[in-house]
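For reference, the structure discussed in these notes is given below.
Protein chains: 2
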Amino acid sequence: MDNSISKIQGAITRNSELFEELASLYKIFGDASRVKILCALTQSEMCVSEISAFLSISQSAVSHQLRILKTSNLVKTRRDGKNIIYSLTDEHIKTIIDCGMEHIAG
Amino acid sequence: MDNSISKIQGAITRNSELFEELASLYKIFGDASRVKILCALTQSEMCVSEISAFLSISQSAVSHQLRILKTSNLVKTRRDGKNIIYSLTDEHIKTIIDCGMEHIAG
DNA sequence: TAAACATATGAACAATTGCTCATATAAGCA
DNA sequence: TGCTTATATGAGCAATTGTTCATATGTTTA
Numbered sequence: 001m002d003n004s005i006s007k008i009q010g011a012i013t014r015n016s017e018l019f020e021e022l023a024s025l026y027k028i029f030g031d032a033s034r035v036k037i038l039c040a041l042t043q044s045e046m047c048v049s050e051i052s053a054f055l056s057i058s059q060s061a062v063s064h065q066l067r068i069l070k071t072s073n074l075v076k077t078r079r080d081g082k083n084i085i086y087s088l089t090d091e092h093i094k095t096i097i098d099c100g101m102e103h104i105a106g
Numbered sequence: 001m002d003n004s005i006s007k008i009q010g011a012i013t014r015n016s017e018l019f020e021e022l023a024s025l026y027k028i029f030g031d032a033s034r035v036k037i038l039c040a041l042t043q044s045e046m047c048v049s050e051i052s053a054f055l056s057i058s059q060s061a062v063s064h065q066l067r068i069l070k071t072s073n074l075v076k077t078r079r080d081g082k083n084i085i086y087s088l089t090d091e092h093i094k095t096i097i098d099c100g101m102e103h104i105a106g
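Written out as structure tokens, the structure reads:
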């Protein structure tokens, strides 16, 4: 193995945890329901029943997905009466979606 | 559901296939071995045994992962004697990795 | 307070994933 | 031509995933 490749190996091996984290992030975007939810939330905050309605999947399934998104800090919530309103924690999430969309388009 | 949300619903429902495709793309990045391979290839083209060595995973496992990357057109190959040399199909892949890394760092 | 509505959660299950093992294919070399 | 090296591939398996179903929690309203 030549020297430049062993440098790459070193860099990646040393930062193995970082790549685990990166993979975990992408794994979350790797489901159509979740990425649709995230994309919708780039446009407007929404409550669970609204999300459930437009995705045509059950309230329970949406809640499970939202929990994943919340646990990984991609969305935050606030209560409004009976509803829980979900929104993105940061604008950077839109950048990630756009980045992937560009790849598909290109 | 208010009018602005039904517009979002429309946009997402109409482009459902696009989101499936987007999710499929991210799913590929959602594995630490694969994202390490892709990251390494942003620095230099490499053959299978080199990748296997630096990831410390078996040749067979690497081959399986490379097949996934090739099938989804993220990497391309050329033969050099006994070796098959893998490289990225396009520079945009680095952008996607950087984009995710920024999110983690931020 | 009781009924209705909105959301969350645990168990269970089928589908998918990423690996290993064994083996096939293909090129270089004695 | 046989032997070795490099890579690919199929079967099988354990682990993970995304859903459904049933039910729990929490809020509003009559």
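Residue numbers (this note's numbering), protein chains in the order written: chain A, 1 to 106; chain B, 1 to 106. Each residue gets a CB set at the ideal place from its N, CA and C atoms; glycine is no exception. Source: prediction; values computed, not measured.
Against residue i, what residues of chain B qualify as contacts under a CB-to-CB distance less than 8 angstroms, listed in chain order?
| i | result |
| --- | --- |
| Asp31(A) | Ala23, Lys27 |
| Gly106(A) | Asp90, His92 |
Within a Cβ cutoff of 6 angstroms, which residues of the same chain sit near residue i, ignoring the five residues on either side of it in sequence?
| i | result |
| --- | --- |
| Tyr26(A) | none |
| Thr42(A) | Lys94 |
| Ile97(A) | Cys39 |
| Arg78(B) | Ile85 |
Here's a check: name, in chain order, each residue in its chain whose Cβ is nearer than 8 angstroms to the Cβ of residue i, leaving out the five neighbours to either side.
| i | result |
| --- | --- |
| Ile51(A) | Ile37, Ala40, Val62, Leu66, Tyr86 |
| Phe19(A) | Ile12 |
Going straight from the alpha carbon of residue i to that of residue j, what length do you get?
| i | j | result |
| --- | --- | --- |
| Ile8(B) | Gln9(A) | 44 angstroms |
| His103(B) | Met46(A) | 23 angstroms |
| Ser58(B) | Ile28(A) | 27 angstroms |
| Val48(A) | Asn83(A) | 7 angstroms |
| Ser16(B) | Val75(A) | 21 angstroms |
Helix or strand or just coil, what does DSSP make of residue i?
| i | result |
| --- | --- |
| Ile93(A) | helix |
| Leu88(B) | strand |
| Asn3(B) | helix |
| Asp80(A) | strand |
Starting from the Cα of residue i, find the closest Cα among the options and give me that residue.
| i | options | result |
| --- | --- | --- |
| Leu69(A) | Val35(A), Ile12(A), Ala105(A) | Val35(A) |
| Ser72(B) | Leu55(B), Phe19(B), Leu88(B) | Leu88(B) |
| Glu21(A) | Glu20(B), Ile28(B), Ala32(B) | Ala32(B) |
Chain A partners of residue i, CB-CB under 7 angstroms?
| i | result |
| --- | --- |
| Ile12(B) | Lys36, Cys39, Ala40, Phe54 |
At 8 angstroms on the CB atoms, spell out the chain A contacts of residue i, in chain order.
| i | result |
| --- | --- |
| Gly117(B) | No statement about residue 117(B) is possible, as the shown extent of chain B runs from 1 to 106 and does not include it. |
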